[in-house]
Each structure stands twice: as C-alpha cells, then as structure tokens.
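Peer 1: Sharing a structure, written as structure tokens. Questions coming.
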Amino acid sequence: MRILVVDNGGQWTHREWRVLRDLGVETAIIPNTTPLAEIQADGLVLSGGAPRVGLSGEKMGRIGEYLDQATIPILGICAGHQFMAVHLGGAAGPSAIPEFGKTIIHIDDRNELFREVPDSIQAWESHNDEVTRVPPGFRALAHSENCRVQAMASDAKPLLGLQFHPEVEHTECGETIFENFVRLCERHGSH
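For the sequence shown, numbering that gives the first Met the number 0 begins at 0 and goes up steadily by one.
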C-alpha cells in the first residue's frame, strides 16, 4: 500500500506523512508540480497550504490534473478540500467566522471515512476560507457551528475532502479517519 502526500505548503504536511507511516503505509511527500504520469500510488492526500491557497489555482500545481484524471482515492485536507470543491464546480470563499483551534465537528453522513467515529468529535481547525457549495455529484458529510461543509465526498469517484485537520493530535479519532482512508485505498485497489 503506497499513499503519497502532495505538498501544497501546509504547516502540517509532515504530520500527514507521519500518520500514514505510523499506520504501516509506504508513503512520501511529493511536490504538487509532479506530473501524474510519474505518480505510482494507491491513494493521494492533498495537504493544506498557506492562507487562501485553496482558492487560487496557480499555487496548487497539477492538482486539477490529479482530480480530473487519476482513478485512485484522493483525500483533500483544508486547502486541498477547498481547491477540490472549486475545481470540480463547487465554490469556496471567506468564512463568515474563521475557525482556529479546537472545534466540535458533527458527522451528518456515515460515509466510510467516518466508520467507527462518534457522531461528534473535537477537531483542530486553521482556516479563513471554507467550502460554500459542494460540487455537483458531491454530498456534505459533516458540519460545525460556523462551517456547513466540514467534510464532503463524491458519489461517483473516490474523492473526499476535510476542512479540519485529522493529522493533528488535538483531533479526536484523526488516526481512525486515516485508517478508514487507507482501507478505502486498499479496497479500491483490489477492484
């Protein structure tokens, strides 16, 4: 099992890599400018990034290409989640109330990403922007008091997004969420 972390300049990119490594997954961090043809992986994690990076395509390298052409599962986190929404026909923009630090996330849809995760968890947030409309064919999976789309998933492709940071130790069940993503990659690879 090989899951690569695509670096969008986020402050916790190495933590995403470390969680995967600690789960026994072969992993590496790659630049977001890596051509898709050079990526040999069972899944991708799109890291967070600098402020507002998820809203501007030019700093997101080739991620649009990955979302359009890759057939493996892709998990977007924070800026990766926002860019996924915008690129695929949804919308993202400034949060009415930006969230920083601990926030309660309410799970609304029992998607496989949230298997064995309680209905509400405390999670770590660090965002000025958020997804304001999910793309066509996606559904929102979770919300917080100030953010309607804390998680989303495509019904047609193995594309998932999280506004919060499951890789940070302050997030309850973050490792379980990563385990569930690894399981999705394993199952998808056996098709």
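Ideal Cβ positions, reconstructed from N, Cα and C, are used throughout, including at glycine.
Taking Q68 as part of the alpha helix (DSSP H), name the residues at either end of that continuous run.
Peer 2: Counting from one through the sequence shown, the residue named residue 68 turns up at place 69. Q68 -> alpha helix (DSSP H) spans I62 to Q68.
Peer 1: To the nearest angstrom, how far is the alpha carbon of E192 from that of C77?
Peer 2: Here the chain has residues from 0 to 190 only, and residue 192 is not among them.
Peer 1: If T87 sits next to A40, beta carbons under 8 Å apart, how far is it from one beta carbon to the other, in whole angstroms?
Peer 2: Your numbering for residue 87 matches position 88 in the sequence shown. Your numbering for residue 40 matches position 41 in the sequence shown. It should be noted that the sequence gives Leu, not Thr, for residue 87. At roughly 20 Å, the Cβ-Cβ gap does not stay under 8 Å, so L87 and A40 are not in contact.
Peer 1: Around the Cβ of L35, are there at least 16 other Cβ atoms within 10 angstroms (buried) or fewer (exposed)?
Peer 2: Within the sequence shown, numbered from 1, the residue matching residue 35 stands at position 36. L35 is exposed by the Cβ-count criterion.
Peer 1: To the nearest whole angstrom, what separates the beta carbons of F113 and I103, a pair I think is in contact under 8 Å?
Peer 2: Position 114 of the sequence shown holds residue 113. Position 104 of the sequence shown holds residue 103. At roughly 15 Å, the Cβ-Cβ gap does not stay under 8 Å, so F113 and I103 are not in contact.
Peer 1: Suppose the cutoff is 6 Å on Cβ atoms and the five residues either side in sequence are ignored; what does the same chain contact list for C172 look like?
Peer 2: Residue numbering aside, residue 172 sits at position 173 when the sequence shown is read from its first letter. If we look at C172 and ignore the five residues flanking it on each side, its Cβ neighbours are V116 and I120.
Peer 1: To the nearest angstrom, how far is the alpha carbon of L244 from that of L161?
Peer 2: The question about residue 244 has no answer here: the residues shown for the chain are numbered 0 through 190.
Peer 1: Taking the alpha-carbon positions, what's the R147 to A139 distance?
Peer 2: Translated into the one-based positions of the sequence shown, residue 147 becomes position 148. Translated into the one-based positions of the sequence shown, residue 139 becomes position 140. Near 8 Å, if we compare the C-alpha coordinates of A139 and R147.
Peer 1: Sorted by chain position, which residues of the same chain lie with C-beta nearer than 7 Å to S46's C-beta, five sequence neighbours on each side aside?
Peer 2: Taking the sequence shown and counting its residues from 1, one reaches residue 46 at position 47. Within the same chain, S46 has close Cβ partners V4, V5, D6, N7, G9, T12, E15, I76 and G79.
Peer 1: Only counting the same chain, and skipping five residues up and downstream in sequence, which positions put a Cβ closer than 7 Å to that of N31?
Peer 2: Locating residue 31 in the sequence shown gives position 32, where the first residue counts as 1. Excluding residues within five positions, the ones whose Cβ falls inside 7 Å are V5, D6, N7, M59, G60, R61 and I62.
Peer 1: H105 bridges to which residues according to DSSP?
Peer 2: As a working mapping, residue 105 is identified with position 106 in the sequence shown. H105 is bridged to S119 and H142.
Peer 1: Can you tell me where the alpha helix (DSSP H) with V181 in it begins and where it stops?
Peer 2: As a working note, residue 181 is residue 182 in the sequence shown. G173 to G188 is the extent of the alpha helix (DSSP H) around V181.
Peer 1: Kindly list the residues whose CB is nearer than 6 Å to the CB of F180, restricted to its own chain and excluding five residues on each side of it in sequence; keep chain order.
Peer 2: Locating residue 180 in the sequence shown gives position 181, counting from the first residue. The answer, listed in chain order, is L74.
Peer 1: Report the option in L158, H126 and G42 whose CA atom is closest to the CA atom of N145.
Peer 2: The count along the sequence shown starts at 1 and reaches residue 145 at position 146. The candidate whose alpha carbon is nearest that of N145 is H126.
Peer 1: Return the chain-ordered list of same chain residues with a C-beta closer than 7 Å to the C-beta of F177, the five sequence neighbours on each side being excluded.
Peer 2: On the sequence shown, position 178 is the one that residue 177 refers to. Once the five neighbours on either side are set aside, the close Cβ partners of F177 are V18, L19, L22 and P165.
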